[in-house]
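Be aware that the sequence shown starts at 1, since it is given in full-length UniProt numbering, and climbs by one per residue.
The C-beta atom is built at its ideal place from N, Cα and C for all residues, glycine as well.
Only a predicted model underlies this, so the values are computations on that prediction, with no experimental measurement involved.
Scroll down for the structure; my scribbles are underneath it.
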Amino acid sequence: ILSTWQKLAPLYLIYQIQPNNPNIFITLGLLSIIIGGWGGFNQVQLRKILAYSSIAHLGWMILVLSFSSTLALLTIMIYLLMTFSLFSSFMLVRTTHINSLSTTWAKIPILTVSTPLILLSLGGLPPLTGFMPKWLILQELTKQDLAPLATLAALSSLFSLYFYLRLSYAMTLTMPPNNPAGTLPWRLNPQHNTFLMALTTTSTI
Numbered sequence: 001i002l003s004t005w006q007k008l009a010p011l012y013l014i015y016q017i018q019p020n021n022p023n024i025f026i027t028l029g030l031l032s033i034i035i036g037g038w039g040g041f042n043q044v045q046l047r048k049i050l051a052y053s054s055i056a057h058l059g060w061m062i063l064v065l066s067f068s069s070t071l072a073l074l075t076i077m078i079y080l081l082m083t084f085s086l087f088s089s090f091m092l093v094r095t096t097h098i099n100s101l102s103t104t105w106a107k108i109p110i111l112t113v114s115t116p117l118i119l120l121s122l123g124g125l126p127p128l129t130g131f132m133p134k135w136l137i138l139q140e141l142t143k144q145d146l147a148p149l150a151t152l153a154a155l156s157s158l159f160s161l162y163f164y165l166r167l168s169y170a171m172t173l174t175m176p177p178n179n180p181a182g183t184l185p186w187r188l189n190p191q192h193n194t195f196l197m198a199l200t201t202t203s204t205i
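Structural data, given as structure tokens:
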């Protein structure tokens with residue numbers, strides 16, 4: 001809730017009381033992107049990583065709010081969709097630590113493919129869905145003669161991209177310390193969550 005729906009109220013409040021000088025929002029947004037990316041750098045708890053990710057994405061929304069409220073709304077809607085899909089995936093495999101992500105393949109193999117795509121989409125890699133709002137925001141900032149700010153925001157987002165890649169690596173390219181013996185859990189109790197798969201597809205493509 002803290003990372004998704006609870007953002008709507010403060011964003012609406014900020015939009016209603018936005019000052020005439022957009023420099024306040026620009027500074028606040030850029031600081032949020034930097035703090036969110038830097039804060040999640042060495043975290044190992046998934047909740048903390050996603051919390052800092054939430055701060056960074058909020059910065060992108062605040063950054064463009066003074067220039068285009070429609071673009072800010074589009075950004076938060078896409079973010080809510082991706083975050084809900086990601087939280088649902090982590091809840092399904094019951095993991096809270098980065099080291100336990102390596103057991104995903106033994107529990108629900110399809111999530112080993114779909115969840116990293118959501119993470120890379122949150123990082124803003126093309127041609128995934130998460131790239132579109134960031135690209136549009138950078139384009140809008142450039143139109144407002146704020147090309148240096150757009151460049152700084154893009155470079156600052158590399159911090160966030162690092163820990164998304166770190167999570168993807170832990171999930172797909174590492175082996176669990178103790179390989180499960182015998183029949184794998186997903187064979188004993190198959191779970192076909194059609195809604196989650198559809199949501200994941202929508203979040204990434």
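Quiz item: Among all the DSSP beta bridges, which residues are the ones paired with His97?
Solution: Within the DSSP bridge table, the entry for His97 names Gln45 as partners.
Exercise. Assign Leu158 to buried or exposed, taking buried as 16 or more other Cβ atoms, counted over all protein chains shown, within 10 Å of its Cβ.
Key: It is exposed - the Cβ of Leu158 has fewer than 16 other Cβ atoms within 10 Å.
Quiz item: Taking the alpha helix (DSSP H) that Gln139 falls in, what are its first and last residues?
Solution: From DSSP, the alpha helix (DSSP H) with Gln139 extends over Phe131 to Lys143.
Practice problem: Return the Cβ separation of Ala153 and Leu63 in integer angstroms, given the expectation that the two are a contact with Cβ distance under 8 Å. | Solution: 6 Å between Cβ atoms; contact.
Quiz item: Could you give the residue range of the alpha helix (DSSP H) that holds residue 209?
Solution: The structure shown does not extend to residue 209, since the chain is modelled only from 1 through 205, so no value can be given for it.
Quiz prompt | Spatial neighbours of Phe90 in its chain, beta-carbon cut-off 7 Å, leaving aside the 5 residues before and after | solution = Here the set comprises Leu46.
Exercise. Can you have a look at Leu155 and say buried or exposed, based on whether 16 or more other CB atoms are within 10 angstroms of its CB?
Key: Note on Leu155: under 16 other CB atoms within 10 angstroms of its CB, so exposed under the neighbour-count rule.
Quiz item: Helix, strand or coil: which one does DSSP assign to Leu167?
Solution: Under the three-state reduction of DSSP output, Leu167 falls in the helix class.
Practice problem: Out of Lys107, Leu111 and Ala106, point me to the one whose CA is closest to Ser85's CA. | Solution: From the listed residues Lys107, Leu111 and Ala106, the smallest Cα separation to Ser85 is found for Leu111.
Quiz prompt | C-beta atoms of Ile33 and Gly59 nearer than 8 Å | solution = Yes, the Cβ-Cβ distance between Ile33 and Gly59 is below 8 Å.
Self-check item: Own chain residues within Cβ distance below 8 Å of Pro22, not counting five before or after
Solution: The residues are Ser66 and Phe67.
Exercise. Indicate the three-state DSSP secondary structure (helix, strand or coil) for Ile110 in the structure shown.
Key: Ile110: helix per DSSP, three-state reduction.
Exercise. Note down the Cα distance separating Thr129 from Thr83, rounded to an integer number of angstroms.
Key: Thr129 and Thr83: Cα-Cα distance of roughly 12 Å.
Exercise. May I ask you to report which of helix, strand or coil DSSP gives Leu146?
Key: DSSP places Leu146 in the coil class of the three-state scheme, outside both helix and strand.
Exercise. Using alpha carbons as the reference points, say which of Ser53, Thr142 and Met171 lies closest to Lys107.
Key: Selected option, being the one with the closest Cα: Met171.
Exercise. From the DSSP output, in three-state form, read off Thr103 for me.
Key: Three-state DSSP puts Thr103 in a helix.
Self-check item: Pick from Leu136, Ala150, Ser168 and Leu165 that is closest to Thr70, judged by C-alpha positions
Solution: Closest by alpha carbon: Leu136.
Exercise. Please report how far the alpha carbon of Leu2 lies from the alpha carbon of Thr142, in whole angstroms.
Key: At Leu2, the pLDDT of 49 sits below 50, so the modelled position is not reliable and the matter cannot be decided from this model.
Quiz item: DSSP state of Thr174, grouped into three classes?
Solution: Thr174 carries a coil assignment under DSSP once its states are collapsed to helix, strand and coil.
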